[in-house]
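Residue numbers (the UniProt record's numbering), protein chains in the order written: chain A, 1 to 126; chain B, 1 to 126.
Working notes, beginning with the structure itself.
Number of protein chains: 2
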Amino acid sequence: MAIIRKTKSVEALLTLFNKAENAMSVVELVKQLEDEMNKTTVYRILERLEESGHLHSFIGKDGLTWYAKCKDCDEAHHHDAHPHFQCLNCGKVECLSVDVSIPKIPNREVVVSHVLIQGKCESCVK
Amino acid sequence: MAIIRKTKSVEALLTLFNKAENAMSVVELVKQLEDEMNKTTVYRILERLEESGHLHSFIGKDGLTWYAKCKDCDEAHHHDAHPHFQCLNCGKVECLSVDVSIPKIPNREVVVSHVLIQGKCESCVK
DNA sequence: TTATATTTGCAACCTAGTTGCATTAATAAT
DNA sequence: ATTATTAATGCAACTAGGTTGCAAATATAA
Ligand SMILES: [Mn+2]
Ligand SMILES: [Mn+2]
Ligand SMILES: [Zn+2]
Ligand SMILES: [Zn+2]
Chain A
1 MAIIRKTKSV EALLTLFNKA ENAMSVVELV KQLEDEMNKT TVYRILERLE
51 ESGHLHSFIG KDGLTWYAKC KDCDEAHHHD AHPHFQCLNC GKVECLSVDV
101 SIPKIPNREV VVSHVLIQGK CESCVK
Chain B
1 MAIIRKTKSV EALLTLFNKA ENAMSVVELV KQLEDEMNKT TVYRILERLE
51 ESGHLHSFIG KDGLTWYAKC KDCDEAHHHD AHPHFQCLNC GKVECLSVDV
101 SIPKIPNREV VVSHVLIQGK CESCVK
């Protein structure tokens, strides 16, 4: 997938994302990994993993940065046009496999669009 | 519209928003008003103006907070289900009067949705 | 095994946003 | 008009997410 050295820290992060159901905030990751690596390292690895197409990032409603595993992406094709769902009750954030169609906007060129939906997740809606 | 004291600072902010074409970031506002009022005051007035239905806020791609004038809103009904457009070239941010339909998501309750579109604005696309 | 290029830790820094508290200004009451 | 009440402001100190520079450590290439 890309040219990144397989260090212990990189493996640790990839392992976390592989067994994660949902997206993870950087804050959460830094906290969870504070015994294993430096906070700067977390930020820098996430950056590299995003550039190499392993992860994608987005901004939550709180303004914090979140990362999630890319499903069908590589460097060339980034299909992360999917919306993200943030549960107002438990805080969980997930990638949705749903298409949101962005309408054509007159006289403007659309490059990317970010959709963040908030509400109650499957566990919390019951 | 609501119970807010008409202070010089409040008037200053409202005037700015009335003659503004686009949304304004808090950072921008604090800078622009630094001779007239304290930064804390800016934050607090914006908060009140949002609660009272004069303004609405959202988070830009940079994670900064932006405010814009509400067009047809009062406390009761907040129709800010519109998307926001951030120009990647000039940085301008604007409210779009376009409807983005958020699809029904199985087993989840949607409360709000935020759509941020990035690209080239009318001036920059030419 | 040595050379080289990348990654890491650490400390210091940046900056958007918040908080507590004393002072001031706006509105209500008299 | 004065006074009392309540909301708004300034200021300084703080919080927290994120960044930067640089020397030391580690992974990979030679
Ligand atoms: Mn996603
Ligand atoms: Mn708007
Ligand atoms: Zn939930
Ligand atoms: Zn533009």
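We put the CB at the ideal spot given by N, CA and C, even for glycine.
- Taking the Cβ of ASN89 (chain B) as the reference point, at least one heavy atom of ligand 4 falls within a distance shorter than 6 Å.
- Sequence-distant partners of SER25 (chain B) (beyond 5 residues in either direction) whose C-beta falls short of 6 Å from its own C-beta, in its chain, are LEU64, TRP66.
- Interface residue (Cβ-Cβ distance to chain A less than 7 Å): GLY63 (chain B) is classified as such.
- Of all residues in the region 109-122 of chain A, only GLU109, VAL110, VAL111, VAL112, SER113, HIS114, VAL115, LEU116, ILE117, GLN118, GLY119, LYS120, CYS121, GLU122 come within less than 9 Å of chain B when Cβ atoms are compared, listed by chain position.
- Secondary-structure assignment with DSSP links SER113 (chain A) through a beta bridge to B:ILE117.
- For ASN107 (chain A), the nearest CB of chain B lies under 7 Å from its own CB, placing it at the interface with that chain.
- Counting along the chain, GLU21 (chain A) sits inside no beta strand (DSSP E), nor does DSSP assign it H or E at all.
- Neighbours of ILE45 (chain B) in chain A, taken as residues whose beta carbon is under 9 Å from its own, are absent, since the nearest beta carbon is some 20 Å off.
- The beta-carbon separation of SER113 (chain A) and ILE117 (chain B), rounded to 5 Å, stays under the 8 Å limit for a contact.
- Cβ-Cβ separation between CYS95 (chain B) and ALA20 (chain B): approximately 11 Å, too far for a contact (criterion under 8 Å).
- Taken through DSSP and simplified to helix, strand or coil, ILE45 (chain B) comes out as helix.
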